[in-house]
Amino acid sequence: MGKYLLLLAFLCVVWWIWRKGQATRRALQRRSSVREVEPMVACAHCGVNHPLSESLRANDRYYCCLAHQREAEPTRQ
Ligand SMILES: [Zn+2]
Numbered sequence: 003m004g005k006y007l008l009l010l011a012f013l014c015v016v017w018w019i020w021r022k023g024q025a026t027r028r029a030l031q032r033r034s035s036v037r038e039v040e041p042m043v044a045c046a047h048c049g050v051n052h053p054l055s056e057s058l059r060a061n062d063r064y065y066c067c068l069a070h071q072r073e074a075e076p077t078r079q
């Protein structure tokens, strides 16, 4: 009888560790998904949405690429 109780206690510990691992994995997934959500900005020239970190900023306007920035804003010397 004592052997079964020991086995049950062992299974409880295993289950508890497994649940703890699941919770940690879920928390990590949530954190990584939050990091993936990035503000999107529209290109002032073509209107295409793209991540803020990949956009070019000029005069408080965002552009998807250097070509569009140059087309929208003629170079001023
Ligand atoms: Zn563009």
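Plus 2 on top of the position in the sequence shown (first one is 1) and you've got the working numbering. Note that CB positions come from ideal geometry on N, CA and C, so glycine has one too. A quick note: this is a predicted structure, and the numbers were derived from the prediction, not measured.
{"Check": "Terminal residues of the beta strand (DSSP E) in which A60 lies", "Outcome": "L58 to A60"}
{"Check": "K22 to Y6 span [Cα, whole Å]", "Outcome": "24 Å"}
{"Check": "Beta-carbon spacing of A46, A69 below 8 Å", "Outcome": "no"}
{"Check": "Buried or exposed by the 16-neighbour rule on C-beta atoms within 10 Å, applied to S55", "Outcome": "exposed"}
{"Check": "Proximity below 8 Å, CB of V43 to CB of H52", "Outcome": "yes"}
{"Check": "Other residues of its chain near Y65: CB distance less than 7 Å, five sequence neighbours each side excluded", "Outcome": "C45, A46, H47, S57, L58, Q71 and A74"}
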